[in-house]
Each structure stands twice: as C-alpha cells, then as structure tokens.
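Novice: Residue numbers (this note's numbering), protein chains in the order written: chain A, 7 to 296; chain B, 29 to 505.
Ideal Cβ placement from N, Cα and C applies to all residues, glycine included.
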Ligand code: SF4
Ligand code: SF4
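#1: For chain B, check one thing: does any of its Cβ atoms lie closer than 9 Å to the Cβ of residue 68/A?
#2: So, with DSSP's three-state summary, where would you put residue 113/A?
#3: Counting only beta-carbon atoms, is residue 447/B nearer than 9 Å to chain A?
#4: Mapping DSSP to helix, strand and coil, what is residue 209/A?
#5: Assess, as a yes-or-no matter, whether the stretch 260–270 of chain A is touched by the stretch 174–192 of chain A under the definition of 3 or more beta carbon pairs within less than 8 Å.
#6: Say the cut is 8 Å; is the CB of residue 288/B nearer than that to a heavy atom of ligand 2?
#7: Report the partner residues of residue 480/B according to the DSSP bridge assignment.
#8: Decide if the stretch 226–238 of chain A is in contact with the stretch 147–155 of chain A; the criterion is three or more beta carbon pairs, one per stretch, under 8 Å apart.
#9: Let me check one thing: in DSSP terms, what residues is residue 30/A bridge-paired to?
#10: What number of angstroms, rounded off, separates the C-alpha of residue 49/B from the C-alpha of residue 158/B?
#11: What residues in the stretch 171–204 of chain B bring their beta carbon closer than 8 Å to a beta carbon of chain A?
#12: Taking all protein chains shown into account, do 16 or more other C-beta atoms lie within 10 angstroms of the C-beta of residue 267/A, making it buried, or fewer, making it exposed?
#13: Does the beta carbon of residue 130/A come closer than 9 Å to any beta carbon on chain B?
#14: Can you check whether the CB of residue 309/B is closer than 9 Å to the CB of residue 243/B?
#15: So what's residue 429/B in DSSP terms, helix, strand or just coil?
#16: Put residue 202/A into one of helix, strand or coil per three-state DSSP.
#17: Looking at the secondary structure, which residues open and close the alpha helix (DSSP H) in which residue 139/B lies?
#18: For residue 220/B, does the count of other Cβ atoms within 10 angstroms reach 16, so buried, or fall short, so exposed?
#19: Against chain B, with Cβ distances strictly below 9 Å, would residue 247/A count as a contact?
#20: Would you call residue 501/B buried or exposed, if buried means 16 or more other Cβ atoms sit within 10 Å of its Cβ?
#21: Would you tell me roughly how many angstroms separate the C-alpha atoms of residue 99/B and residue 105/B, rounded to the nearest one?
#22: Could you name the residues of the same chain whose beta carbon sits closer than 8 Å to that of residue 493/B, not counting the 5 residues immediately before and after it, in chain order?
#23: At 8 Å on the CB atoms, spell out the chain A contacts of residue 399/B, in chain order.
#24: Does DSSP classify residue 461/B as helix, strand or coil?
#25: So does residue 300/B have its beta carbon nearer than 8 Å to some heavy atom of ligand 1?
#26: Per DSSP, what kind of secondary structure is residue 252/B in: helix, strand or coil?
#27: Report all residues from its chain with a CB closer than 7 Å to the CB of residue 12/A; omit the five preceding and five following residues, and keep chain order.
#28: My output table needs one value for residue 179/A: the three-state DSSP class, helix, strand or coil.
#29: Taking the alpha carbon of residue 252/B as the reference point, which residue from 409/B, 58/B and 128/B has its own alpha carbon closest?
#30: Between the Cα of residue 339/B and those of 505/B, 458/B and 305/B, spot the shortest distance and give me the residue it belongs to.
#31: Would you give the residue range spanned by the alpha helix (DSSP H) that residue 56/A belongs to?
#32: When the Cβ atoms of the stretch 80–93 of chain B are set against those of the stretch 194–208 of chain B, are three or more pairs found closer than 8 Å?
#33: Check the DSSP bridge columns for residue 103/B and list the partner residues they point to.
#34: What are the residues that DSSP puts in a beta bridge with residue 487/B?
#35: Could you check whether the Cβ of residue 298/A sits closer than 9 Å to any Cβ belonging to chain B?
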C-alpha cells in the first residue's frame with residue numbers, strides 16, 4: 007500500500023489505488039444496510055449450521071441441535087399418507103376381490119396402489135409393463151395364457167405363495183423331467199417336430215409322426231393329449247401361439263433336453279395384506295384377467 | 029486538490045411531496061369516468077352470479093385453481109385451453125403497443141392501476157384535507173389535534189379502500205359470498221388472508237405515499253415504452269413556440285413582445301408527477317393531460333386560444349413554429365405502425381373468437397401403451413393397448429361409444445374401471461380415463477405389419493357428437 011493517500015479530485019474521496027485506463031476505483035464505504043445484511047447472513051449461516059446437520063466429521067457429520075433428519079421426515083410423511091389411507095387399505099385387505107365392484111373406491115385404490123407395488127417388487131422380473139422376459143422365462147402377464155390360472159383368486163394365490171420356492175409349503179410346484187436322460191437325441195428331435203406341428207408351425211411331417219409316439223408316451227400326462235396343458239399342474243399349453251421360453255426348434259430342443267425351472271418368491275410374508283390384494287387387482291386388469 | 033464536499037450526494041433522493049391541485053376539464057372528466065368504470069369492474073365483478081347448473085360454481089368470473097378451471101361468463105376454460113389466456117395476454121400486449129405508438133403513455137395516464145388508485149387516494153385526501161393550498165399549509169403546520177384528526181381520518185379511509193382492494197382480489201379465486209363469510213368468521217384459508225394483507229399494504233403504501241415514485245423508480249414500463257414511440261406519436265407537450273417568452277399577464281402591456289404563457293404555474297400545480305411540462309418531454313410525464321385542462325382554463329380566461337399545452341407530435345414542431353395550423357388528430361393516429369398493430373391485434377382476436385366457436389365440448393387424447401408395444405394372444409392375435417382420456421366439457425354426464433375407423437381389420441375392447449364394455453360414461457365436467465384394447469386377428473395384415481394407421485373415435489351415444497384421434501397399431505413386423 008502506498009503511504010500517502012491517493013485522493014480523487016472530483017469527489018474528494020480516497021481511491022484504492024487501482025486504475026484502469028485512467029479511471030480510478032473510489033474507496034467508498036459499503037452502504038450500511040448492505041453491511042448489516044452481510045453480517046446478518048453470517049450470523050444466520052453459523053446459527054443454521056449449529057441447528058441443522060452440517061459440519062463434516064471424519065466418518066459422519068454433526069447432527070445439529072434440532073435433531074432434524076430428512077430420513078425421519080420422509081418416514082413421517084409416509085406414515086401420514088398411510089394414516090390417511092388407513093380406512094381404504096383396511097377395506098381392501100378385508101375385501102373379497104371377486105365381489106369388489108370396479109367403481110368401489112377400494113378397487114380404484116387397489117389398482118392404483120397395485121401399480122406401484124408391482125413397480126417396486128415385480129417389475130425386476132416381469133418388466134415395467136408386465137410383458138415379462140421371454141428369453142429368461144419370466145411370463146408375460148398381459149396376455150391370455152396363464153400357467154396357474156388368471157382369475158383373481160388364482161393370481162392372489164400365486165402372488166402370496168410364489169412358485170417352486172422351498173420357503174412356502176403351499177407354493178405352486180410343477181416339474182418337468184430332464185428328458186435328455188430319458189430319450190435319445192433323435193427321439194427328442196422327433197418330439198420337437200411334433201410339438202411344432204401341434205402349435206401350427208412349420209415342421210417335418212415324417213419326424214412329427216414318430217414324435218407323436220414319444221409325446222403320447224411321455225408328455226400327455228402333464229400337457230394333455232393335444233398339448234392343451236393342465237392348469238392344476240401348472241403345465242403350459244403347447245398348441246397355442248404363446249411360449250414361456252420360446253417356441254422355435256432350438257429352444258424347444260433345449261427345453262425338452264434339460265427341462266426348465268422358474269422360481270418366484272412368496273410375497274405373502276413380505277407384503278401387507280392390502281398390497282397383495284392391490285397387486286392382484288392391478289394384474290387382473292392388465293388385459294389377461296379371467 | 030479540491031475540497032471534499034461536506035457529504036456525498038445520496039444515491040436516492042428523498043421524495044418531494046407533491047400536492048396536485050384540483051382541475052376541471054375534458055380530460056379530467058374522462059379520467060373520472062375511466063376511474064369509476066375500472067374500479068367498479070374490479071370491485072364488483074366477483075359478485076356477478078351466473079347459473080351454470082348444479083355442481084358448478086355460479087360465479088360469473090372465477091379462477092378456480094383447485095379445480096383447474098377458469099370461468100368467464102358463458103366461457104369455461106380448461107387447462108389444455110390455456111392458449112386462450114395466452115392469446116388474450118398477447119392481445120393486451122399488442123393493444124398496449126398500439127396505444128403507446130399512437131398516444132404515448134395513455135395507459136399510464138388513464139388506466140394503470142397505480143394511476144387510478146393514486147387518483148382515488150388524492151381525491152380522498154382533497155375531501156378531507158382540502159385542495160392544494162390547504163394541504164401545503166397543513167403539511168407545514170405544527171402538529172396539533174386538528175392536524176392529527178385530519179391525518180387519521182385520511183389514513184382510515186385509505187385503509188378501507190386498500191382493504192377492499194386486497195379483498196376484491198381474493199374473491200376472483202373463490203365463491204365470493206362464501207369467502208366473504210369465511211373471512212369475517214376467520215375460517216378462510218391462510219392464503220386468502222396473506223394475499224389480502226399484502227395487497228392491502230401495497231395499495232396503502234403505493235397509493236398513499238409512494239405515488240409517482242412507483243412509476244419513476246419501480247415500474248419498468250416507462251423505460252420500455254420509448255421503443256414503441258416515434259416522432260409522430262402524440263404526447264402531452266407545450267407549444268413553446270407559442271408560449272415563449274413567457275411573462276406575467278398584464279393587460280395594458282403590448283402583448284406582441286411576449287408569448288401566450290403567463291407563467292401562472294397552473295400546469296405545474298395540477299401535475300400528479302410534479303413536473304413542469306414546459307421544460308419539454310420528460311420521463312416522469314404519464315400523459316394524463318391534466319396540465320392541458322389546467323392551461324386551457326387559463327387561456328380561456330385571458331382570451332387566448334386553447335391548446336398552449338396539447339397532445340402534440342414532435343414531428344409537427346418545425347411546421348408549427350413556422351406558423352402552420354395543427355394537423356388533425358386522425359392524421360397522427362393513422363400511421364402504418366398503428367395500422368399494423370391494429371391488424372395484428374384484430375387477427376389474434378378473430379382467431380380466438382373462431383377457436384371459441386369451433387371448440388368441441390368433447391376432448392380426447394390417446395396415449396398408446398409403449399411398454400410393451402404389443403402383446404401376442406394365445407390364438408396368435410396381436411393386441412395393442414391405449415389409454416384414452418375423455419373430457420366431457422358439458423354440465424351433464426355423457427355416455428360415449430368408443431369406435432375404430434376399420435372394424436373389419438381390428439377389433440376393439442374398451443375397459444373402464446376394470447369392466448369391459450364399449451361404452452364409457454364420463455361425469456359432467458370431468459376427465460375419464462379408459463383403457464382400450466385393439467386386437468388384430470392372426471390372419472389380418474395388421475398383425476404382421478410393423479405399424480398400421482388407425483383412428484380412435486369417441487361418439488356421444490345420444491347426440492352423435494364425436495372426437496377422433498389418429499394413432500398407430502404396432503404389429504409383429
Ligand atoms: S406534465 Fe401534464 S400530462 Fe404529464 S404528468 Fe404532469 S399533468 Fe400529466
Ligand atoms: S398553465 Fe399555461 S399559461 Fe399557465 S404556466 Fe402553464 S403553460 Fe403557462
């Protein structure tokens with residue numbers, strides 16, 4: 007800093023000594039209101055960081071004297087919403103779905119709530135739009151084919167107990183033998199042609215005729231004489247256009263040779279009663295409900 | 029080195045109080061009328077009733093934020109028709125351009141709420157404290173019971189006007205009689221009270237104390253308007269070529285030596301902006317023409333022609349200085365610029381009116397379900413799902429039939445509320461959502477094509493009114 011003050015001639019104010027193209031910066035004091043606002047914000051800032059969680063520590067942060075936490079606030083809000091919906095949730099939980107009228111508020115609540123239950127819990131396997139993933143054998147829930155039935159009651163049972171899981175003795179359970187151990191490759195190939203034939207696809211007629219023999223011997227017990235499937239056993243229909251894993255020659259060969267084993271968890275212990283009912287209603291109205 | 033001044037000039041000059049004098053004349057009368065009409069519209073509109081049938085508000089003008097509707101007499105605007113409001117705003121903007129380019133700041137001078145309420149507040153002030161001279165005297169007088177009494181009376185009247193102003197505003201957003209009752213029983217929503225509080229406070233302060241300062245320091249409009257004015261725009265101006273050199277009126281003296289202005293200060297004393305128009309055009313002037321009235325009165329008294337102060341265009345100055353007579357008003361106003369603004373204004377107006385007449389009272393939107401794009405059914409048929417939103421803009425529930433353009437290739441199922449039916453009933457003034465399934469049989473070309481165009485219709489079962497939306501059908505292709 008220069009010793010002697012540099013005074014601007016016109017205003018008589020001292021300058022900061024900074025000069026640009028002959029224009030000097032005047033050393034005017036800050037307006038008082040501005041200064042006080044500034045001090046105010048400093049005080050506010052300090053108080054705020056004491057009142058609320060703010061200062062980082064090594065593994066955590068200060069908690070703030072008000073004990074505020076966003077997590078607690080969220081929990082509170084959720085509880086608030088739950089409380090507001092308590093009545094209709096209870097109604098839904100106690101309802102007999104097959105007699106619940108579509109314009110009943112509980113029904114609407116169920117369909118809407120079921121959609122979010124589905125997104126949170128089911129969409130990982132069945133897809134956001136519930137169309138399933140064929141390559142992985144996650145069934146499409148929009149079509150009119152059901153392995154275990156598509157009535158409200160059937161859907162609710164499946165959701166509650168799951169499929170082929172050891173945790174629930176009431177789980178739906180079906181199993182297809184590994185035919186690679188029972189039939190020769192040739193015999194399997196012939197069976198595949200027969201299955202192609204019964205579902206109306208291109209096939210080798212001669213092989214299919216031979217395949218019919220193996221089919222009647224090995225498959226009709228579960229899949230029915232004409233491949234119409236048997237719901238009580240969870241055996242899929244083979245004579246329609248819908249395939250769980252795929253209906254082409256290659257996939258069918260693989261399915262028959264190695265068998266398939268899809269699993270779905272039981273949601274009974276994980277979801278609330280009204281959530282199970284809700285997701286059932288939601289699934290039923292997706293287009294395939296019976 | 030120069031001496032530093034005792035204290036640097038402040039950035040903000042404290043307000044010089046202005047005590048406008050009362051004036052009579054054409055423009056003042058016009059201003060009274062405009063004040064009366066605009067204030068009446070503002071205060072009374074929410075109380076006009078309008079029978080729309082059951083379940084609908086019977087308030088003629090209502091902005092129903094919760095129900096997301098705007099009611100304006102027989103017109104009912106839904107959120108998706110907000111372009112009406114946008115259109116009206118554009119028209120308001122163009123109207124402002126038009127008037128400003130023709131007549132300068134007439135909006136400021138006559139219809140701006142700040143001007144109207146200030147005028148009203150000054151009127152009250154004059155009733156209670158007297159005209160200019162009395163008010164100046166009172167201002168300079170020491171505090172006394174008399175002064176306190178007058179001031180308090182004035183503030184109380186101002187307060188009630190301000191309260192009514194804030195109050196009127198909230199009535200546009202709720203049923204006025206119900207809200208009025210709730211307000212006095214303290215049952216009204218907090219937002220109503222806070223809105224009233226804010227508007228009451230701003231009206232009181234802006235109209236009573238800040239007045240022309242709002243125009244000079246807070247309002248951006250005076251700064252922008254210059255862009256719409258040119259030298260042909262009529263603004264309030266002083267014919268200095270006629271008035272100068274000014275001098276006190278003395279009958280005996282030879283008048284030839286002097287101009288017509290007798291320096292009586294009438295024009296300055298009536299000016300609500302506190303300026304002297306004889307100094308030329310000034311930013312503060314709101315073109316209210318009160319100085320014209322004041323000066324015309326003076327001219328009449330001293331037996332000179334009116335119009336020493338007048339609505340003038342800058343471009344006329346030269347000709348008039350040389351002695352040309354004033355040009356007729358119409359010549360000023362009819363210019364390509366104003367004609368263009370008028371044309372644009374009317375065009376939008378006509379378009380809006382047209383839109384109002386052709387708008388249907390059914391509104392349909394169709395949203396194809398994209399996840400998945402299609403579903404194969406067990407018989408090999410292909411099905412698409414669509415979400416329909418049907419708005420019934422009438423006051424009666426209506427039943428709609430949902431239809432397709434080509435029933436022979438595609439089949440339709442409608443599901444609303446989980447039940448399958450081809451009919452959807454939409455309650456009065458509501459939007460209903462329905463899920464529609466369209467199916468192509470396996471042998472139909474649409475099943476194998478990539479996409480097929482189709483059109484979904486809803487048709488009123490009784491009146492056959494219909495609305496249709498084009499969409500596509502996704503096949504396996
Ligand atoms: S100068 Fe005349 S027109 Fe302008 S604000 Fe004052 S009184 Fe009104
Ligand atoms: S009112 Fe007219 S005559 Fe009087 S000072 Fe103003 S311009 Fe001059």
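Specialist: The short version:
#1: Chain B contact via Cβ: absent.
#2: Three-state result, residue 113/A: helix.
#3: Any reading at residue 447/B must be qualified, since the residue scores a pLDDT of 49, below 50, and its modelled position is unreliable; the value itself is stated next. Closer than 9 Å to some Cβ of chain A, the Cβ of residue 447/B qualifies, so yes.
#4: In this structure, residue 209/A counts as coil in the three-state DSSP scheme.
#5: Contact between the stretch 174–192 of chain A and the stretch 260–270 of chain A is present, because at least three Cβ pairs lie under 8 Å.
#6: A heavy atom of ligand 2 is found nearer than 8 Å to the CB of residue 288/B.
#7: Under DSSP, residue 480/B shares a beta bridge with 501/B.
#8: Flag = yes, the stretch 226–238 of chain A and the stretch 147–155 of chain A touch.
#9: Partner residues in the beta bridge of residue 30/A, as assigned by DSSP, are 25/A.
#10: Approximately 10 Å between the Cα atoms of the pair.
#11: Taken residue by residue, none of the stretch 171–204 of chain B has a beta-carbon sitting less than 8 Å from a beta-carbon on chain A.
#12: Burial is judged here by how many other beta carbons sit within 10 angstroms of a residue's own beta carbon; residue 267/A has fewer than 16 and is exposed.
#13: By this cut-off, residue 130/A is not an interface position.
#14: No, the Cβ-Cβ distance between residue 243/B and residue 309/B is not below 9 Å.
#15: Here DSSP, grouped into helix, strand and coil, assigns residue 429/B to strand.
#16: Note: residue 202/A maps to helix in three-state DSSP.
#17: Run containing residue 139/B: none; DSSP gives neither H nor E here.
#18: Classification for residue 220/B: buried.
#19: Proximity of residue 247/A to chain B, defined by a Cβ-Cβ separation below 9 Å, is satisfied.
#20: Within a 10 Å sphere around the beta-carbon of residue 501/B sit 16 or more other beta-carbons, which makes this residue buried.
#21: When rounded, the distance between both Cα atoms is 6 Å.
#22: Within its own chain, the residues whose Cβ lies closer than 8 Å to the Cβ of residue 493/B, once the five positions on either side in sequence are excluded, are 388, 389, 390 and 487, listed in chain order.
#23: When 8 Å is used as the limit between beta carbons, residue 399/B is near these residues of chain A: 133, 134, 135 and 137, in chain order.
#24: Here residue 461/B sits in strand by DSSP.
#25: Yes, the beta carbon of residue 300/B sits closer than 8 Å to at least one heavy atom of ligand 1.
#26: For residue 252/B, the secondary structure class from DSSP, reduced to helix, strand or coil, is helix.
#27: Non-local C-beta neighbours of residue 12/A in its own chain, meaning closer than 7 Å and more than five positions away in sequence, comprise 20, 21 and 23, ordered along the chain.
#28: Secondary structure at residue 179/A: coil, using DSSP grouped into helix, strand and coil.
#29: Comparing alpha carbon positions, the residue from 409/B, 58/B and 128/B closest to residue 252/B is 128/B.
#30: Residue 305/B is the option with its Cα nearest to residue 339/B.
#31: Annotation: the continuous alpha helix (DSSP H) that includes residue 56/A extends over 38–57.
#32: As far as the Cβ criterion goes, the stretch 80–93 of chain B touches the stretch 194–208 of chain B, which means the pair count is three or higher.
#33: 100/B.
#34: Looking at the DSSP assignment, residue 487/B forms a beta bridge with 429/B and 494/B.
#35: The first residue shown for chain A is 7 and the last is 296, placing residue 298/A beyond what the model contains.
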